[in-house]
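Chemist: Before I ask anything, here is the structure I am working with.
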Amino acid sequence: MLGFRRTPKFERKAKRETLAYSGGSERTDAPSPNGNKAHTVRKDTTVSTVEPFYGGEIQPVDFIGVELMGATNSTGLRDFLKAGRHIIASHSQPRLHCGVVEIPGNRAFCRLADGSKRPCAVTEVTQEGVEPCYILEVARPDNWSVSTLFVRILTTAPEQSVGGFITELLEELVKRDGHWNAERLDSSSSLRVSRLKHVAEHSTWLWSRRILERLNSFGFTPEEAAL
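Quick note, the sequence shown lines up with residues 1 to 227 if you use the numbering used here.
As structure tokens, then:
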């Protein structure tokens, strides 16, 4: 797993979903790790308790050999997460698989103004016949200047996992005080990358459209969900 030490999950029950933590005890309507009250949902509803998406068919990202801590909050990711929910609700393809992790390290960039660890949403995008793409959205409640990163891994060494690449990207981000190494990323023979700049204000719909348009450049073909 992507370093989630207490990844919550839903277990099917007769009439409602019960929230359970991998550490052991089950709770129904228990507080979630980010402080929000967990919701009881209908039996026929598919949900994910890994931030950020509720509703829609989505599973948490599952990487091997990554030592990133699962974030306990999603501060500064609200707009991105809302856009993700909109994509899931309105499209059957592509599929989004997401988790939220803490930015590793102890530099000033790694902390928000309230002292909490800066989170980052890591989203895997999949579609049949298309190589996966990964979206890294760094929380920026302080309007930090860092673009959304889209990355496709072209080659992997036998000893290196996808998660290993993600970890290296985040560690490099920290070394550069919160900025992607554009020159290195653009010249890499192992990665294909694209950066999407944030704009001052836009609606959830516009944000989701910008994400889908960028994914289209990676070969994904959005398919609207049947009504």
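Glycine residues also receive a C-beta, built at the ideal position from the N, C-alpha and C atoms.
(1) Check the Cβ-Cβ distances between Leu-81 and every residue of chain B, and say whether any is below 9 Å.
(2) Take the Cβ of Arg-83 as the centre, count every other Cβ of all protein chains shown within 10 Å, and call the residue buried at 16 or more, exposed below.
(3) According to DSSP, is His-91 helix, strand or coil?
(4) Can you give the Cα-Cα distance for Asn-106 and Trp-180, rounded to whole angstroms?
(5) Considering only residues of the same chain and omitting the five flanking positions on each side of Arg-118, which have a CB-CB separation below 6 Å?
(6) Where does Ile-135 fall in DSSP's three states?
(7) What residues in its chain sit with their C-beta under 7 Å from that of Gly-219, if we drop five residues either side in the sequence?
(8) Pick helix, strand or coil for Thr-126, following the three-state DSSP scheme.
(9) Work out the CA separation of Thr-123 and His-97 for me, nearest whole Å.
(10) Assess contact between the stretch 206–221 and the stretch 161–181, defined as three or more Cβ pairs (one per stretch) separated by less than 8 Å. Is contact present?
(11) On the criterion of 16 or more Cβ atoms from any shown chain inside 10 Å, does Trp-207 qualify as buried, or is it exposed?
(12) Use the C-beta contact count for Pro-33: other C-beta atoms within 10 angstroms, 16 or more gives buried, fewer gives exposed.
(13) Rounded C-beta distance between Val-101 and Ser-74? I'm assuming under 8 Å.
(14) Where does Ile-64 land, buried or exposed, given buried means 16+ other C-beta within 10 angstroms?
(15) Since Glu-137 and Phe-80 are thought to touch, with beta carbons under 8 Å apart, how far apart are those beta carbons, to the nearest angstrom?
(16) Exposed or buried, what is Val-199 when buried is set at 16 or more other beta-carbons lying within 10 Å of its beta-carbon?
(17) Can Ala-225 and His-91 be called in contact, C-beta distance under 9 Å?
(18) Which class does Val-146 belong to by DSSP, given the choice of helix, strand or coil?
(19) Please tell me whether Leu-196 and Phe-150 are closer than 9 Å, where the distance is taken between their beta carbons.
(20) Whole angstroms is fine: what's the gap from Tyr-134's alpha carbon to Pro-94's?
(21) Rounded to the nearest angstrom, what separates Val-146 and Ser-189 at their Cα positions?
(22) Provide the residue span of the alpha helix (DSSP H) that contains Leu-154, from first to last.
Modeler: Working from what's here:
(1) No chain B is present in this structure, which holds just one protein chain.
(2) Residue identity differs from the one stated: residue 83 is Ala in this sequence, not Arg. Buried, since its Cβ has 16 or more Cβ neighbours within 10 Å.
(3) strand
(4) 17 Å
(5) Ile-103, Cys-110, Leu-112 and Ala-139
(6) strand
(7) Val-130
(8) strand
(9) 6 Å
(10) no
(11) buried
(12) For Pro-33, the predicted model reports a pLDDT of 34, less than 50, meaning its position is unreliable; a value from the coordinates is still stated below. Answer is buried; the Cβ neighbour count reaches 16.
(13) Contact flag wrong, Cβ pair sits at about 11 Å.
(14) With a pLDDT of 43 at Ile-64, under the threshold of 50, the modelled position of that residue is not reliable, and no figure is offered here.
(15) 5 Å
(16) exposed
(17) yes
(18) coil
(19) yes
(20) 12 Å
(21) 23 Å
(22) That residue, Leu-154, is in no alpha helix (DSSP H); it is neither H nor E in DSSP.
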